[in-house]
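The structure appears right after this line, and notes come after that.
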Amino acid sequence: MNISEFLKNNIVVLDGGMGTLLQSAGLAAGEHPELWNITHPEVIQKIHRDYYDAGSNIVNTNTFGANTLHFSHEELEQIVKAAVENAREAAKVSENQCEKYVALDIGPTGKLLKPYGDFDFEDAVAVFADTVKLGVKYGVDLVMIETMNDSYETKAALLAAKENSNLPVFVSNAYGEDGKLMTGASPAAMVAMLEGMGADAIGVNCSLGPKQLASVVEEYLKYASVPVLLKPNAGLPKSENGKTVYDVGADEFAADVKALVDKGVRICGGCCGTTPEYIKALSEKLAGSKPKPITEKNYSVVSSYTHAVFFGDSPILIGERINPTGKKRLKQALKDNDIDYLLSEAINQQEKGVHILDVNVGMPEIDEVEMLKKAAFEIQAVSNLPLQIDTASPVAMEVALRRYNGKAMVNSVNGKQESMKVIFPLVKKYGGMVVALTLDEDGIPMTVEGRVNIAKKILATAAEYGINKKDIIFDTLTMPISADINAANVTLGSLKIIKEELGCNTSLGVSNVSFGLPNRDAVNGAFFALALSNGLTAAIMNPYSAEMMKTYHAFRALRGMDENCAEYISFAESYVPDTASANAAPQEKKDEFKSALQHAIVKGLKEQAAKLTSELLSSTPALDIVQNEIIPALDIVGVGFEKNTVYLPQLLMSAEAAKSAFEIIKTHMANTAEQTASKAKIILATVHGDIHDIGKNIVKLLLENYGFAVTDLGKDVAPETIVDEVVRQHAPIVGLSALMTTTVPAMEETIKQLRTAAPWCKVVVGGAVLTEEYAAQIGADKYAKDAMETVRYAESCT
Amino acid sequence: MSIVLTKSYVEPPFDTKEILRYAMCKDADESVTSLLNECLDEIKGKLAYKVCYIELPIDALFADVKSEVLSKYLSDCNNYVIFAATVGIELDRLITKYSRISPAKAHMFQAIGAERIEALCDTFCEAIKQEYKNTKPRISPGYGDMPLEMQREIFNILDCPRKIGLTLNESMLMSPTKSVTAFIGVLK
């Protein structure tokens, strides 16, 4: 009987701790336990055998840290081969008659993935893939991914296991006392992602004892439709008279774990501090227990790297602002590779209260695959909202879904065979909740019946791919009522039937309904209210629209979703009509400055600087505002900084105020033909191996304020990438930043390569460890001690 | 045989003067103060304060490290405590977020992070001092002639990724960035 069959009708017992047993057998601190498979096979076999004898159905190979980051490929192969043989041998000699299996144990790499670390997602997948392939080659029965404390690394490991084996894959995460992974994911978020990707069993191990893990396990049992696993520590370690002891004994441990098996856990064992004695106590305690049947849960859910978002109760708002259709400023930003603009839209929408961000970067002049990959990655670094990946390109869709840290919304599939054939396999592989448009080869039906029939066809086809209807959300297509007076009726009619008769979730892009009409907000708000009362689960909408937000909050209060109307009240209190704030500009002493705008910039008042700039634009050309207002104000602050009368935080606040003024000017220019000339091109990067970029970002902000065309290559940038970009743009200046002594060699190498490939280019360097001498020694043209000095240098070069 | 222990602490009090010093701001005007307060409101209660540590005899490790500073530091000790401390990933998240939209805030969070990790180390060292009585002030790799490469062995012994979610990259940088590894000598 294979493990999957055994799991169907039995409680599966795992093994216990390995590390502590190896230490008492003589493993030194800091020594790689995996090497003991080869050097001390008898010790490893004995431990495995003791676990089988104690009642374990599955033992994990001694391969927790066996990967190509720690060992050469040849070494790794020997280790995995020996590890599997040791476990097999133990199974053979054990006298216990129970079913026995060998799991390939895979632990975390010990590296943090980008964006917070320097380890690339695909590199992580490749590292795990090597170990998985060897496990398959030497004949393990299943793969056990365990002790993962980061959701992104967990995804990389699961993807590697699924892509390189047909074996069952169990996935177990390590939760902290706060009930979350180290990088913040909640149990519900992990269940959503792991089930979406097809994990065969999921659960929890390490960190804490069974009592402290109980609440996390209960969350798993609530949300998971696959078997749940539990492998806790023997409580917490403490020092007692110079000896280390764990505070939960074998009998108490067994009783605590059994209590959770009674609640539905199907696979259980122990982690740190547990020994064969614990497993024996556990398997004796479980003798005669009946496994609780596993039921299919009916949650429609997406997730980010921190939390899950559930569909069906309260309406879900999906922010539509990151989609270039009809948005000139965003189009301009995409053309200019101005990711910061996208990020500010992401953050602003989150602050307005949306639950999910739609991300669409498709437009003719840009490489959509690269841009979507980059945008999704960067947005996830600044916002923890789940994303809706919105693209017509299946290639871009796959790239984005693969690297998405969670379970995404997929926008979209439709009733065309061609569409379903490419999108459903992606949803099956990477997980996701897919938006299904009710149109097909014959176009958009103009009747309710036509749209509902397409929905039925989509559901049937999805089922063939193994996609459950809870992971499909129907968009019955909003059409402008100005073109067809019956349009909204058909949309809403289809919506109601799909919700009530097919039992599916629904979504609409709301704003399209008012296309071609004046005062569109009024129509949108009313349509949104109608759609909600007809069963709309989610809306793709503009959260900056007051009408939409009013409708949302009022609807929730009216439908009893808002306890004590508390959220409505707080929304209403914070809501300020546009006209009220217009004359709030303070009149404090501005004599020392030429104008109110200068005053706002010098004092670092962002909102005011933006507002004053838009007022000025009605009477003054954009270029004059820059030349006569913004630059002189920045100079006041810059000179103050150089004289030590203004400090860095104040300089930065002024720079930000100037930036918000520039933002207004950019939007103005995107909408009119007016152009400003930029100064020279400058390439900026934090060098390879270095992940600090605050200093570099400060330099960038100031350079942009002074009108330079800055290309920011980001942090941890390879020398080749920097050289290529300098050559491509024929940039006259490049700025490099390094914070650590260990990354200065990468800076030196970059300069060396620049000298050969781009001899015209001036190199300015900065960062905590650099000095004037050090900079000269590695061949830089200039050491700048701060951002202002970089600006002065750039100006002197051009 | 001694093993790695972990500790979590409650939030130590914030020292705003110290934060402003790290922010390179000698005197804070109204706008800087309100920026600082905004940042503090955003961060309070969101950080983890975790330490993992082990006590070892001084000859157990670092056989091939040549550092006069370390030899001298340990010359009057039999044992030392090696520890790693972190305030967690949340500060990195905020710094990453704001460095794209508000460098002033990013800068302030950077300063808060510097103050936080020092406060955590002080709290931990005080507890160790209570336990072991005669201890020396902590020192870290990178100080004097102590090579940063010692980080590898420290991470190996302490199993930092698993114990407190702290990782090390090829350049010996730690993530989360607001983290410290150090030695505390226990006097003979």
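Just so you know, the sequences run in chain order R and F. So our numbering is basically just the index in the first sequence, starting at one, shifted up by 204. So our numbering is basically just the index in the second sequence, starting at one, shifted up by 46. Every residue, glycine too, gets a C-beta built ideally from N, C-alpha and C.
Beta bridge pairing from DSSP links K885/R with A913/R. The beta carbon of A378/R sits closer than 9 Å to some beta carbon of chain F. Shown here, M352/R sits in a strand according to DSSP, grouped into three states. Beta-bridge partners of E444/R (DSSP): K447/R. Residue-level contact check: V115/F does not touch chain R, since none of the beta carbons of chain R fall below 9 Å from its beta carbon. With contacts defined by Cβ atoms closer than 9 Å, M352/R and I210/F do not form a contacting pair. In the DSSP assignment, P103/F is bridged to N125/F. Per DSSP, the beta-bridge partners of A130/F are C98/F, T227/F. DSSP lists no beta-bridge partner residue for K209/F.
K484/R and H896/R have their C-alpha atoms spaced approximately 50 Å apart.
Chain order gives the chain F residues near P312/R as P207, R208, where near means a beta carbon separation below 8 Å.
Neighbours of T947/R in chain F, taken as residues at a C-beta separation under 7 Å, are given in chain order as S217. Interface residue (Cβ-Cβ distance to chain R less than 9 Å): S77/F is classified as such. Beta-bridge analysis with DSSP links S376/R to G407/R.
Looking from the CA of Q554/R, the closest CA among S711/R, V617/R, E867/R, G523/R belongs to G523/R. I158/F: member of the alpha helix (DSSP H) spanning 149-178, first to last residue. By the Cβ rule, the region 439-446 of chain R does not count as touching the region 646-653 of chain R, because fewer than three pairs are nearer than 8 Å. Nearest CB-CB separation between E164/F and chain R: not below the 9 Å threshold. Its Cα nearest to that of E177/F, the residue S443/R stands out among V331/R, D688/R, A730/R, S443/R. By alpha-carbon distance to L605/R, the top candidate from R996/R, M397/R, N290/R, F845/R is M397/R. About 6 Å separates the CB atoms of V927/R and A962/R; that is less than 8 Å, so the two are in contact.
For V465/R, the CB contacts under 7 Å within the same chain, skipping 5 residues up- and downstream, are I215, C472, L490, S493 in chain order. Non-local C-beta neighbours of A291/R in its own chain, meaning closer than 6 Å and more than five positions away in sequence, comprise H252, V263, T265, V306, ordered along the chain. Between S718/R and N728/R, the C-beta spacing is below 9 Å.
For N241/R, the closest of P528/R, L706/R, L280/R, T915/R by C-alpha to C-alpha distance is L280/R. M601/R is positioned such that its CB atom lies no closer than 9 Å to that of V506/R.
For G339/R, the closest of V297/R, D382/R, E299/R, A270/R by C-alpha to C-alpha distance is A270/R.
Uninterrupted beta strand (DSSP E) stretches at least 3 residues long and entirely within the region 605-640 of chain R occur at 613-618, given in chain order. Within chain R, no residue has its beta carbon less than 8 Å from that of A109/F; the closest one is some 11 Å off.
In the DSSP annotation of this structure, D460/R is not part of any beta strand (DSSP E); the continuous alpha helix (DSSP H) holding it starts and ends at 454-466. At the C-beta level, F275/R and E235/R stay beyond 9 Å of one another.
Scanning chain F for C-beta atoms nearer than 9 Å to the C-beta of I868/R yields nothing, as the closest lies near 16 Å away. In this structure, the alpha-carbon of G188/F lies about 42 Å from that of Q249/R. Rounded to the nearest angstrom, the Cβ distance from I676/R to L663/R is 7 Å, consistent with a contact under 8 Å. In the three-state DSSP reduction, K556/R falls in the helix class (H, G or I). D542/R and A913/R have their C-alpha atoms some 11 Å from each other.
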